[in-house]
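Data first, discussion second: the structure below is written as structure tokens.
In the numbering used here, the protein residues as written are 30 to 129.
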């Protein structure tokens with residue numbers, strides 16, 4: 030009986046793998062068809078065939094983060110100055126003695 034169950038399990042896994050491979054093949058063929066139609070239309074209308082390009086600016090995320098942090102920092106500084114304290118004033122930390 031265990032041999033029959035392992036055989037059935039292997040058949041199910043093989044079928045799942047074949048189904049996954051077939052779905053990848055169908056997706057590839059669809060993308061290839063879309064690409065071919067797009068290139069054919071470009072040739073037909075006299076435009077250059079342009080590749081699919083994803084424009085990514087690696088500095089964009091950092092610049093956005095720094096702008097956001099600058100806005101938060103300025104509002105934080107304004108709140109602490111309104112209360113009469115500077116940001117550099119720390120009152121709950123004891124200074125350590127210097128290392129020998």
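Every residue gets a Cβ at the ideal spot worked out from N, C-alpha and C, and that includes glycine.
In the DSSP annotation of this structure, residue 79 is not part of any alpha helix (DSSP H), being labelled neither H nor E.
For residue 77, same chain residues with a beta-carbon under 8 Å away, outside a window of 5 residues either side, are 71 in chain order. In the DSSP assignment, residue 69 falls within the alpha helix (DSSP H) that extends over 31-74. For residue 124, the secondary structure class from DSSP, reduced to helix, strand or coil, is coil.
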